[in-house]
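Here the structure comes first, spelled out in structure tokens, and everything after it is commentary.
2 protein chains.
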Amino acid sequence: MVGSVEVSPVEANDRAKATVDDVEPLPVEFYPLETSDPADLGTTNGVGSVGGKAEGPRAGDGRKREIVLGRNVHTMSLEVTEPEADDEVTGDREAYMAGVLARYRKSLIERTRNHLGYPYNLDFDYGALGQLQHFSINNLGDPFIESNYGVHSRQFEVGVLDWFARLWELEKNEYWGYITNCGTEGNLHGILVGREVFPDGILYASRESHYSVFKAARMYRMGCIKVNTLTSGEIDCADFRTKLLQNKDKPAIINVNIGTTVKGAVDDLDLVIKTLEETGFGRDRFYIHCDGALFGLMMPFVKRAPKVSFKKPIGSVSVSGHKFVGCPMPCGVQITRLEHINTLSRNVEYLASRDATIMGSRNGHAPIFLWYTLNRKGYKGFQKEVQKCLRNAHYLKDRLHAAGIGAMLNELSSTVVFERPHDEEFIRKWQLACQGNIAHVVVMPNIDIEKLDNFTNELIEKREIWFQDGKAQAPCIAEEIGEESCMCTRHK
Amino acid sequence: MVGSVEVSPVEANDRAKATVDDVEPLPVEFYPLETSDPADLGTTNGVGSVGGKAEGPRAGDGRKREIVLGRNVHTMSLEVTEPEADDEVTGDREAYMAGVLARYRKSLIERTRNHLGYPYNLDFDYGALGQLQHFSINNLGDPFIESNYGVHSRQFEVGVLDWFARLWELEKNEYWGYITNCGTEGNLHGILVGREVFPDGILYASRESHYSVFKAARMYRMGCIKVNTLTSGEIDCADFRTKLLQNKDKPAIINVNIGTTVKGAVDDLDLVIKTLEETGFGRDRFYIHCDGALFGLMMPFVKRAPKVSFKKPIGSVSVSGHKFVGCPMPCGVQITRLEHINTLSRNVEYLASRDATIMGSRNGHAPIFLWYTLNRKGYKGFQKEVQKCLRNAHYLKDRLHAAGIGAMLNELSSTVVFERPHDEEFIRKWQLACQGNIAHVVVMPNIDIEKLDNFTNELIEKREIWFQDGKAQAPCIAEEIGEESCMCTRHK
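Top to bottom, those sequences are chains A and B. In case it helps, my numbering puts the first sequence at residues 8 to 499. In case it helps, my numbering puts the second sequence at residues 8 to 499.
Written as structure tokens, this is what we have:
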């Protein structure tokens, strides 16, 4: 059921019923909208077909961008070689490795400087924590139950979890949570909790939800229904209502996006809850997981933003730690209600701990990074940074509009969506995340006006070259961002 | 089906058939052997029951060790506090945090020194890599397909993967793999690949398999049959044969342990394959995942050890990176056949990468740590360390025997199993992993003779106190390690 092109409500229901019996070994096209020619779907039998080629979306000029499956790319890899017998004497090996690392470091500086497309705050200084790199810190198992392995950082982890539980208004003795390896682990956990609470529940998620949500459905063998979205990227609650009414016999597990991946759209949590109630789904028949990947941490600091709060009937919230906070490695925070976790957990005596996390061994450095930043910046520090990001995002959108480039910025977001640049080299240089005809810049705390100016100026310059003599033209992106934001020749 | 007390073959078959329809929301006791009184199982309705208390195994003196579920432990946590307005001026906050970190570092040194129980090599020096901690390195998506995010370490990752593929004899153009967050992720991935290859396959795993294997079965809604083990901890292939024959209508997905968690037992891969063939399971009807958590990396360097090799009909191998190699944070390596991965993967254009990993964002530092150590030590370096570990493990076993303490050491292992010490404080000090009446020491490269002597001397001393006047006595562990290894009063 994952990735189906269009799930008619009846079909969806059948599928939901059929899910646990029927298994579809071949995944099909993930983002159906991206394939311009529907016939492609038929001919390739889906993107992931064995040994097949992935048919990407058309690039701006109509050429297809191909992602080749079934081939290992070894062009750039750094081979591991066996040391020579005399390496320790000559020091050749140390010198070689130091050289590799120095070159690598230089490339990281360069790439960090030019980065615009992913929601990672690259501005951090954890120098004070360098002293801890010598330790194998592992919070294996549950954060709240000490295991016998002593080299852990649970005291930092629980401090961070408390901070987030307070942010989302859940009492200390009523929450459970842990620091995950990434946003995906948070979604996998939240949806698993939902499934354990409602074993025959159907998963509802807007089609602009993160791909990990649909991966979860597939992994967990859950019925899954994709809900349409508005132009903004928010879930379309009219469509949600229709689909709920057609599946009233099964509990509902809903993924609510607090900032979608591509457009930074925030689903209207209150309207989702209202829709559930109006269609007869009582609180004992639905579970809501909030995927707050990036914006779950920014929204509490935005004035007038609707609140993500456990005072509302939600089951779990996840957020990434390496995004707005910034962290050398991916990580995330998952908070859920303690009552749910006993459904999921089992005891594993080997650890002298219960097994309620997805992963067993867990990175003990990540909690210290988060603890360090939260302590240094505090609520007020984050508030300032959020305001700066939103201000800078507006600046970017305005500059693009002034240059006649179609762009959209959701009210509660710092993600600026615009036409996909015509040239892959430009995309790679600025490391833009793209989907179909659109690209985005996520304005994070490390992105200042100067960087945005450099980017915009270069884009304007390049567009003049790409589009001179009318050989090519800016794509129409009215479908993605709305007619009022599009500035193609037709909508200008 | 996960964690069932005893699966009779017929029942197992029924369960396997029933799995996809029936869901068991309440997990039951995981290690049935650990509950001394079978009535406990009935009264507590399984360990994980909502709001219930976990009944741990009896400690040596007959007191029960309890793990309390449903309560958040905040006694030790380090609260995150809001900075004062003048913190930047006074420097108070910086000073406070520096103090916390310095104390924490001191405790890590202490705990690292005393550690014996978990298979982590704590002896590493990654000082040369400290310069990279300033970067947010993320290998999101597939290792072999570059995403648009430029700050990655795929060149190191693929170098490491090549090294492991060569170790396990799979050609560069025939393998796929990635660096995981831990051993659990490797098992989750291997078993998921198996399930996608055989959607209606039944998972077979010995009851001494790592708990993540049974977690996978539960997550993936797979039929799962536990196979008995020999005293050594190896899978009992006679029992395996019986259970296969009773489930001939379904393909078999088998988890083979290359070193079990508790006893370090190595399942006989060749006998497992022979058993499959003799019971009529052709190569198109089984999938073998090898859980090589610790020993998958050690065994290739042990003379006379049976080989883990893709020249045999296996589907995947996983190994932990933070165990024998040593790494500041948990990580692992997963290698599988490229042909299987297309079954699993789907394209996700957002990353310009395919989605075949469990996690989306992936720690880019771990591959560099592994690359660094592999390059420095090489095959020969590892060989020396493995030999040292095995030698030291024999030394420990001999010393325990000489002191009249029952102990077992499997031929291909560096895990010494012995009676669970009578005192929880002693267990915590040496950070011993325990299960029921047994504990173990995993002899890793950072554990030398001196440390083992200190440990043994202290154990002997303490035993004299614990067992003086006959108030208590050493437990009989013949069931766990065999009569010939047990040295309780009856078997001495």
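The beta carbon of each residue, even a glycine, is placed where N, CA and C say it ideally should be. Keep in mind it's a predicted model, so treat the numbers as computed, not measured.
- Counting every other CB atom within 10 Å of its CB across the protein chains shown gives ASP93 (chain B) a total below 16, marking it as exposed.
- Under the three-state reduction of DSSP, LYS310 (chain B) is assigned to coil, being neither helix nor strand.
- Shown here, ASP246 (chain A) sits in a helix according to DSSP, grouped into three states.
- With a beta-carbon spacing of about 5 Å, LEU403 (chain A) and VAL423 (chain A) fall inside the 8 Å limit used to define contacts.
- By the rule that beta-carbons nearer than 9 Å mark a contact, LEU195 (chain B) touches chain A.
- Taken through DSSP and simplified to helix, strand or coil, GLU426 (chain A) comes out as strand.
- Its Cα nearest to that of HIS217 (chain B), the residue B:HIS296 stands out among B:TRP183, B:HIS296, B:SER154 and B:ILE186.
- By the Cβ rule, the region 394-409 of chain A does not count as touching the region 335-349 of chain A, because fewer than three pairs are nearer than 8 Å.
- If you ignore the 5 residues before and after MET415 (chain B), its C-beta comes within less than 6 Å of the C-beta of VAL424, ILE488 and SER492, all in its own chain and listed in chain order.
- Contact annotation for ASP169 (chain A) against chain B: HIS81, SER84, GLU86 and VAL87 [CB-CB distance below 8 Å, chain order].
- ALA409 (chain A) and ALA481 (chain A) have their C-alpha atoms spaced approximately 15 Å apart.
- Against VAL449 (chain A), chain B offers no close residue; the least beta-carbon distance is about 11 Å (beta-carbon pairs closer than 9 Å).
- Residues of the region 378-405 of chain A with a Cβ closer than 9 Å to any Cβ of chain B, in chain order: TRP378, TYR379, LEU381, ASN382, ARG383, LYS384, GLY385, TYR386, LYS387 and GLY388.
- Closer than 9 Å at the C-beta level to chain A, one finds these residues of the region 120-137 of chain B: ASN121, HIS122, GLY124, TYR125, TYR127, ASN128, LEU129, PHE131, ASP132, TYR133, GLY134, ALA135, LEU136 and GLY137.
- DSSP places SER143 (chain B) in the coil class of the three-state scheme, outside both helix and strand.
- Residue contact with chain A for ALA212 (chain B): absent (no Cβ-Cβ distance below 9 Å to any residue of chain A).
- The beta carbons of CYS244 (chain A) and VAL279 (chain A) sit closer together than 9 Å.
- When beta bridges are read from the DSSP output, ILE186 (chain A) appears opposite A:VAL340.
- Excluding the 5 residues flanking it on each side, ASP277 (chain A) has same chain C-beta neighbours closer than 8 Å at PRO313 and LYS319, in chain order.
- Among the CB atoms of chain B, one or more fall inside 9 Å of the CB of ILE434 (chain A).
- Excluding sequence positions up to five before and after GLY190 (chain A), its CB lies within less than 6 Å of the CB of ALA300, SER327 and GLY339, all in the same chain and listed in chain order.
- Rounded to whole angstroms, LYS330 (chain B) and ASN128 (chain B) show a C-alpha spacing of 5 Å.
- The count of Cβ pairs closer than 8 Å, one atom from the region 96-110 of chain A and one from the region 173-183 of chain B, stays below three, leaving the stretches out of contact.
- The alpha-carbon of LEU177 (chain B) is positioned some 6 Å away from that of PHE317 (chain B).
- Scanning chain A for C-beta atoms nearer than 8 Å to the C-beta of GLY190 (chain B) yields GLY367 and SER368, reported in chain order.
- Straight across, the Cα-Cα distance linking LYS270 (chain A) with PHE389 (chain A) is about 22 Å.
- Residue contact check for VAL96 (chain B) against chain A: no CB pair falls below 9 Å.
- By the 16-neighbour rule on beta-carbons within 10 angstroms, SER114 (chain A) is exposed.
- Chain-ordered listing is empty here: chain B has no CB closer than 8 Å to the CB of SER421 (chain A), the nearest sitting near 17 Å.
- With a threshold of 9 Å between beta carbons, VAL200 (chain B) makes no contact with chain A.
- Rounded to whole angstroms, PHE142 (chain B) and PHE131 (chain A) show a C-alpha spacing of 8 Å.
- Excluding residues up to 5 positions away in sequence, CYS483 lie with their Cβ nearer than 7 Å to the Cβ of ARG497 (chain B) in the same chain.
- Counting of Cβ neighbours within 10 angstroms places MET83 (chain B) among the exposed residues, the total staying below 16.
- Within chain B, SER143, ILE144, ASN145, MET336, SER368, ARG369, ASN370, GLY371, HIS372 and ALA373 have C-beta atoms less than 9 Å from the C-beta of MET336 (chain A), given in sequence order.
- Annotation: ARG427 (chain A) to CYS495 (chain A) spans about 12 Å, alpha carbon to alpha carbon.
- When C-beta distances to chain A are compared with 9 Å, every residue of the region 289-303 of chain B stays at or above that value.
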